[in-house]
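K.L.:
Going line by line, the protein sequences match chains U and L. Take the position in the first sequence, starting the count at 1, then add 26; the result is the number in my numbering. Take the position in the second sequence, starting the count at 1, then add 26; the result is the number in my numbering. Take this structure, written in structure tokens, and hold onto it; I'll ask about it next.
Protein chains: 2
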Amino acid sequence: MPYGLNDWLKFLVNTSREVHSTVKPILGSALASEVVGKGAGGDFTTRIDKLAEDVIINSLKSQNISCIVVSEEGGIMEIGGKSDVHVVIDSIDGTTNAIRGIPFFCTAIGVSKGNSIKDVDAGVVLNLSDGMIFYAEKGKGAYMNDKRIKTSGRASLEDAVIGVDFSKAEKEKIIGLMPLFKKVRHLRHFGANALEICYVASGLIDAFVDVRGILRVTDIAASYVILKEAGGKILKPNGEELDSILEPTQRVSFIAASNPTIYDEILKTINLGK
Amino acid sequence: MPYGLNDWLKFLVNTSREVHSTVKPILGSALASEVVGKGAGGDFTTRIDKLAEDVIINSLKSQNISCIVVSEEGGIMEIGGKSDVHVVIDSIDGTTNAIRGIPFFCTAIGVSKGNSIKDVDAGVVLNLSDGMIFYAEKGKGAYMNDKRIKTSGRASLEDAVIGVDFSKAEKEKIIGLMPLFKKVRHLRHFGANALEICYVASGLIDAFVDVRGILRVTDIAASYVILKEAGGKILKPNGEELDSILEPTQRVSFIAASNPTIYDEILKTINLGK
Numbered sequence: 027m028p029y030g031l032n033d034w035l036k037f038l039v040n041t042s043r044e045v046h047s048t049v050k051p052i053l054g055s056a057l058a059s060e061v062v063g064k065g066a067g068g069d070f071t072t073r074i075d076k077l078a079e080d081v082i083i084n085s086l087k088s089q090n091i092s093c094i095v096v097s098e099e100g101g102i103m104e105i106g107g108k109s110d111v112h113v114v115i116d117s118i119d120g121t122t123n124a125i126r127g128i129p130f131f132c133t134a135i136g137v138s139k140g141n142s143i144k145d146v147d148a149g150v151v152l153n154l155s156d157g158m159i160f161y162a163e164k165g166k167g168a169y170m171n172d173k174r175i176k177t178s179g180r181a182s183l184e185d186a187v188i189g190v191d192f193s194k195a196e197k198e199k200i201i202g203l204m205p206l207f208k209k210v211r212h213l214r215h216f217g218a219n220a221l222e223i224c225y226v227a228s229g230l231i232d233a234f235v236d237v238r239g240i241l242r243v244t245d246i247a248a249s250y251v252i253l254k255e256a257g258g259k260i261l262k263p264n265g266e267e268l269d270s271i272l273e274p275t276q277r278v279s280f281i282a283a284s285n286p287t288i289y290d291e292i293l294k295t296i297n298l299g300k
Numbered sequence: 027m028p029y030g031l032n033d034w035l036k037f038l039v040n041t042s043r044e045v046h047s048t049v050k051p052i053l054g055s056a057l058a059s060e061v062v063g064k065g066a067g068g069d070f071t072t073r074i075d076k077l078a079e080d081v082i083i084n085s086l087k088s089q090n091i092s093c094i095v096v097s098e099e100g101g102i103m104e105i106g107g108k109s110d111v112h113v114v115i116d117s118i119d120g121t122t123n124a125i126r127g128i129p130f131f132c133t134a135i136g137v138s139k140g141n142s143i144k145d146v147d148a149g150v151v152l153n154l155s156d157g158m159i160f161y162a163e164k165g166k167g168a169y170m171n172d173k174r175i176k177t178s179g180r181a182s183l184e185d186a187v188i189g190v191d192f193s194k195a196e197k198e199k200i201i202g203l204m205p206l207f208k209k210v211r212h213l214r215h216f217g218a219n220a221l222e223i224c225y226v227a228s229g230l231i232d233a234f235v236d237v238r239g240i241l242r243v244t245d246i247a248a249s250y251v252i253l254k255e256a257g258g259k260i261l262k263p264n265g266e267e268l269d270s271i272l273e274p275t276q277r278v279s280f281i282a283a284s285n286p287t288i289y290d291e292i293l294k295t296i297n298l299g300k
């Protein structure tokens, strides 16, 4: 079935809400954290990951949608007839938070007309602990709980609140980030990168930096379009456009910034070598 | 009026809920962030800080309680008749989050029979964004939303989720923490230290580390008793008992750990010199 962009957005919002109502009853239970397999991205798949993924796949099938699903858990699979449309799924981003009961984890689904992150046209990110939803489609702006959002205009690092993920980062990268740690007003790391990029999109924080090179493209595909539609930038740490094919094994490094000035300030401050 | 420990706990819970209902209407508004003065701790006082503080002070006065109030905003003040009881207030911990709309900030009130943090007998910490409440009194256990809580038994750093605040830390301290950054499963920093220590108390995270030496004792007095009653430890980074007089200018460095093993692991892993 051919789906227009507007149909996709409705599908994404409805499906993410269905994920929410499905996982809610098992949140915080031992059941949620039971390991049920290993994902295409290399991590263990817990019951809560699988449950959320099944909701999304079943939702695609029940609507007779033809597409290529790209998922951290299930890998790449064709659904329906031949199609160039990629549906990029991170069924649960922030699984550790979800299992621990820390109220910051989400489901993220992006839709792309091609196989590159640049082609992502629509995305939804829903915080599964409180139901807060972020969504966007190309050219139509970004929204948080049905309210139009835009990134902050904050231009100075001294006033900025910046999220950084450097768990498991190499020593050299941490050292390269240190001038940033010193300069910014406050650092944050909440533990679900897709949602943290949406925090940049909505102006709650001013940038989110992950230069480890270990985050999967599936984690950020949906947030990519939400941030761009909110007026933000997401670039590689060397200043180039972020680009990646949409495969569950693809890893990315990026700076997600609320505006060009803060991006430039971050780039000037960190020192990641060549 | 002489207050028993049990009376104090009721007072703390009721007063923190009153703070919640009072600040709720202005959350996220420009009004909340308006600077209305400078606190005894040295930071600017915003309208939301002041509003929360006024609720607590008025609550003490209206109950005819005699005590010494120790507050980040208002400094030290005697209320009612002569008393050794100290009421230690951080009216809003996580003001930046509160102003930005990031749903992680709290009010924290501790009650102490003397002027040292070791004397703190009862405490309450209430997350003002979602109403989640943590409280404890000495010898009676710690609670989250009326459910008894205890710290996690997790003993290995490789499995641990650890909160670290190193905003504005000296370069040497960040370097000393780097082996910890590398070793733990996940790092977190949510931005309200009183609440983050309660996350340790309730087993959501396994430790919280702040070795900057810039956090005020008023920020952690309430959480101190909640963590201890939940079975956790809070010690100086050199292994000594945490101690500090209860004054708004006093600064502390500490490791709040869920159990002695994880505390020892952290201590072995970090290198803060002498």
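Cβ coordinates follow ideal geometry from the N, Cα and C atoms, glycine included.
Please list, in chain order, all residues of the same chain as residue 41 of chain L whose beta carbon is under 6 Å from its beta carbon, the five residues on each side excluded.
P.N.:
Correct list, in chain order: 82, 85.
K.L.:
Using a beta-carbon distance below 8 Å, is residue 128 of chain L in contact with chain U?
P.N.:
At least one chain U Cβ lies under 8 Å of residue 128 of chain L.
K.L.:
Does the segment 287-295 of chain L come close enough to the segment 204-212 of chain L to have 3 or more Cβ pairs within less than 8 Å?
P.N.:
The answer is yes - the segment 204-212 of chain L touches the segment 287-295 of chain L, with three or more Cβ pairs under 8 Å.
K.L.:
Between the C-alpha atoms of residue 175 of chain U and residue 184 of chain L, what's the straight-line distance to the nearest angstrom?
P.N.:
Going by the C-alpha atoms only, they are around 38 Å apart.
K.L.:
Just list the residues that DSSP pairs residue 161 of chain U with in beta bridges.
P.N.:
In DSSP, residue 161 of chain U forms a bridge with U:150, U:169.
K.L.:
Between residue 122 of chain U and chain L, is the shortest Cβ-Cβ distance under 8 Å, so that the two count as touching?
P.N.:
So yes, residue 122 of chain U belongs to the interface.
K.L.:
Within this structure, are the beta carbons of residue 272 of chain U and residue 135 of chain U separated by less than 8 Å?
P.N.:
Their beta carbons are not under 8 Å apart, which means residue 272 of chain U does not touch residue 135 of chain U by this criterion.
K.L.:
Name the chain U residues that come within less than 8 Å of residue 197 of chain L, Cβ to Cβ?
P.N.:
By Cβ distance, chain U contributes 204, 208.
K.L.:
Closest to residue 223 of chain L by CA distance: which of L:178, L:216, L:234, L:217 is it?
P.N.:
Nearest of L:178, L:216, L:234, L:217 to residue 223 of chain L, Cα basis: L:234.
K.L.:
Under a Cβ-count criterion, where at least 16 other Cβ atoms within 10 Å of its own Cβ denotes burial, should residue 289 of chain L be classed as buried or exposed?
P.N.:
It is buried - the Cβ of residue 289 of chain L has at least 16 other Cβ atoms within 10 Å.
K.L.:
Going by C-alpha distance, which of U:113, U:48, U:259 is nearest residue 177 of chain U?
P.N.:
Ranking the options by Cα distance to residue 177 of chain U, first place goes to U:259.
K.L.:
Would you say residue 189 of chain U and residue 214 of chain U are within 8 Å of each other, going by their C-beta atoms?
P.N.:
The answer is yes: Cβ separation under 8 Å.
K.L.:
Quick one: what does DSSP say residue 63 of chain U is sitting in, helix, strand or coil?
P.N.:
Of the three classes helix, strand and coil, the one that applies to residue 63 of chain U here is strand, per DSSP.
K.L.:
Quick check on residue 192 of chain L: buried or exposed, where buried means 16 or more other Cβ atoms within 10 Å of its Cβ?
P.N.:
It counts as buried.
K.L.:
Would residue 194 of chain L and residue 237 of chain L be called neighbours here (beta carbons separated by less than 8 Å)?
P.N.:
Not closer than 8 Å, so no.
K.L.:
Are any of the Cβ atoms in chain L nearer than 8 Å to that of residue 212 of chain U?
P.N.:
By this cut-off, residue 212 of chain U is an interface position.
K.L.:
Please name the residue, chosen from L:232, L:80, L:64, L:39, that lies closest to residue 48 of chain L on a Cα-to-Cα basis.
P.N.:
Residue L:80 is the option with its Cα nearest to residue 48 of chain L.
K.L.:
Helix, strand or coil: how does DSSP classify residue 117 of chain U here?
P.N.:
Of the three classes helix, strand and coil, the one that applies to residue 117 of chain U here is strand, per DSSP.
K.L.:
With 16 other CB atoms within 10 Å as the buried threshold, where does residue 37 of chain U fall?
P.N.:
Residue 37 of chain U comes out buried.
K.L.:
Spell out a yes or no on whether the segment 275-288 of chain U and the segment 147-163 of chain U are touching, meaning 3 or more CB-CB pairs, one atom from each, closer than 8 Å.
P.N.:
Touching, no.
K.L.:
Is residue 104 of chain L closer than 8 Å to residue 65 of chain L when the C-beta atoms are compared?
P.N.:
No. Outside cutoff.
K.L.:
Return the chain-ordered list of same chain residues with a C-beta closer than 8 Å to the C-beta of residue 68 of chain U, the five sequence neighbours on each side being excluded.
P.N.:
275.
K.L.:
Taking only the alpha-carbon atoms, compute the straight-line gap between residue 232 of chain U and residue 60 of chain U and give it to the nearest angstrom.
P.N.:
Looking at the two C-alpha atoms, the distance is approximately 36 Å.
K.L.:
When the cut-off is 8 Å and only beta carbons count, does residue 215 of chain U lie next to chain L?
P.N.:
Taking Cβ atoms only, chain L reaches closer than 8 Å to residue 215 of chain U, which makes this a yes.
K.L.:
Between residue 192 of chain L and chain U, is there a C-beta pair that is closer than 8 Å?
P.N.:
Chain U, which has a Cβ nearer than 8 Å to the Cβ of residue 192 of chain L, makes this yes.
K.L.:
On the criterion of 16 or more Cβ atoms from any shown chain inside 10 Å, does residue 228 of chain L qualify as buried, or is it exposed?
P.N.:
Looking at its Cβ environment, which holds 16 or more other Cβ atoms inside 10 Å, residue 228 of chain L is buried.
K.L.:
Output the distance between the C-alpha atoms of residue 28 of chain L and residue 162 of chain L, rounded to the nearest integer angstrom.
P.N.:
Here the model assigns residue 28 of chain L a pLDDT of 46, short of 50, so the residue's position is not dependable, and the following value carries that caveat. Going from the Cα of residue 28 of chain L to the Cα of residue 162 of chain L covers about 20 Å.
K.L.:
Starting from residue 251 of chain L, trace the alpha helix (DSSP H) in both directions and tell me its first and last residue.
P.N.:
Start and end: 243-255.
K.L.:
Applying a beta-carbon distance threshold of less than 7 Å, which residues of chain U neighbour residue 187 of chain L?
P.N.:
Those within 7 Å of residue 187 of chain L in chain U are 122, 126.
K.L.:
Around the C-beta of residue 70 of chain U, are 16 or more other C-beta atoms found within 10 angstroms, so that it is buried, or is it exposed?
P.N.:
Looking at its Cβ environment, which holds fewer than 16 other Cβ atoms inside 10 Å, residue 70 of chain U is exposed.
K.L.:
Tell me whether the beta-carbon of residue 76 of chain U lies closer than 8 Å to the beta-carbon of residue 96 of chain U.
P.N.:
No. Outside cutoff.
K.L.:
Taking residue 168 of chain U as the reference, which of U:145, U:39, U:256, U:127 has the closest Cα?
P.N.:
Measuring from the Cα of residue 168 of chain U, the nearest candidate turns out to be U:256.
K.L.:
Please report the straight-line C-alpha distance between residue 112 of chain U and residue 141 of chain U, rounded to a whole angstrom.
P.N.:
One C-alpha to the other measures close to 7 Å.
K.L.:
Suppose the cutoff is 7 Å on Cβ atoms and the five residues either side in sequence are ignored; what does the same chain contact list for residue 277 of chain L look like?
P.N.:
239, 240, 241, 242.
K.L.:
In whole angstroms, give me the CA-to-CA distance for residue 88 of chain L and residue 181 of chain L.
P.N.:
Distance between the alpha carbons of residue 88 of chain L and residue 181 of chain L is about 46 Å.
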